[in-house]
Amino acid sequence: MTDTLNIDEWLDWEGDRDRDSTLVVLMCGIAGSGKTTFSKRLEEQGFARLSIDEEVWNMHGRYGIDYPVEKYREYLDEAHASLRTKLASFIQDKKRVVVDSSFWSRSARDDYKRLIEHWGGEWKLIYLKVHPDELRKRLKVRSHRFDANAAFPITEETLNNFLNSFEEPQGEGEIVVEHE
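Position 167 of the sequence shown, counted from 1, bears residue number 167 in UniProt numbering, the numbering being contiguous throughout.
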């Protein structure tokens, strides 16, 4: 999917965006959908990249090794607070930003959109929609890594929980990048 995706095609704002505002791209999708791959490509084009997974890793270390599994939710909340602060600073500095997070709930997406608008930025929500069978294949490959972006294995049960709780963006100004 992301190998053939022309990012310029999706981010060609030159005709319709306020040049005095800062572009913030919100990546949205289930684990394994390609958010990190896509956001790293934007980083190569000069975007600052804020990753929730990397923020937890940098602040607290490795899931289940450097901290107990039970602390993950608390540390995730801390990481979101840190990302929000960094995001506001980047917007004020007129730095284009990509936020690499699942944004599984509409309320989380709306919260970040409000923050971006409050600081004078403009947002694009990119939803990477991938069929569950393809997610399973990707997650199987990813399960052999152990880094910030693959901090814990996504079991079939975990994936099913993600799929069942994910609130698919609809009518939120999203750009859907679909992979069968």
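Where is the CB? At the ideal position from N, CA and C, for every residue including glycine.
Since this is a predicted model, take the numbers as computed values, not measurements.
Inter-residue spacing [alpha-carbon to alpha-carbon] between residue i and residue j
i: Leu83; j: Tyr63; result: 19 Å
i: Glu44; j: Phe38; result: 10 Å
i: Asp110; j: Leu50; result: 17 Å
i: Arg41; j: Gly34; result: 11 Å
i: residue 181; j: Lys71; result: Absent from the model: residue 181. The displayed extent of the chain is 1 to 180, so no value can be given.
i: Ile65; j: Glu157; result: 21 Å
i: Phe162; j: Asp93; result: 35 Å
Helix, strand or coil at residue i [DSSP, three-state]
i: Ser107; result: helix
i: Asn149; result: Reliability fails at Asn149, whose pLDDT of 49 lies under 50, so the model's placement of it is uncertain and no value is given.
i: Phe54; result: Checking the sequence, you will find Glu at residue 54 rather than Phe. DSSP places Glu54 in helix when its eight states are reduced to three.
i: Glu172; result: coil
i: residue 181; result: A query on residue 181 cannot be resolved here, the shown segment of the chain reaching from 1 to 180 and no further.
i: Glu167; result: coil
i: Thr37; result: helix
i: Thr22; result: strand
Cβ neighbours of residue i in the same chain (closer than 8 Å, five flanking residues each side left out)
i: Val46; result: Inspection of the sequence shows that residue 46 is occupied by Gly rather than by Val. Closer than 8 Å at the Cβ level, and outside the excluded window around Gly46, lie Arg96.
i: Met59; result: Tyr75, Glu78, Ala79 and Ser82
i: Tyr127; result: Cys28, Gly29, Glu168, Pro169, Glu174, Ile175, Val176 and Val177
Residues near residue i in its chain [Cβ-Cβ closer than 7 Å; skip 5 each side]
i: Tyr67; result: His60, Gly61 and Tyr75
i: Leu139; result: Ala31, Gly32, Ile154 and Leu159
i: Trp123; result: Val24, Leu26, Lys113 and Ile116
i: Trp86; result: One detail in the question is off: residue 86 reads as Lys in this sequence, not Trp. Excluding residues within five positions, the ones whose Cβ falls inside 7 Å are Leu50.
Neighbourhood of residue i by C-beta distance below 6 Å, restricted to the same chain and skipping five residues each side
i: Ile91; result: Thr22, Trp119 and Gly121
i: Lys129; result: Val176 and Glu178
>> Extract the residue ranges of the beta strand (DSSP E) inside the segment 111-147, only unbroken runs of 3 or more that lie entirely within it.
In response: Segments of the beta strand (DSSP E) lying fully in the segment 111-147: 121-130.
> Is there contact between the segment 130-143 and the segment 22-42, where contact requires at least three CB pairs shorter than 8 Å?
Replying inline: With the cut-off at 8 Å, the segment 130-143 and the segment 22-42 touch.
>> Count Cβ pairs between the segment 104-116 and the segment 155-171 that sit closer than 8 Å; are there 3 or more?
In response: The segment 104-116 vs the segment 155-171: in contact.
> Which full runs of the beta strand (DSSP E) of 3+ residues lie inside the segment 66-91, going along the chain?
Replying inline: Unbroken beta strand (DSSP E) runs of no fewer than 3 residues, entirely contained in the segment 66-91, are not found.
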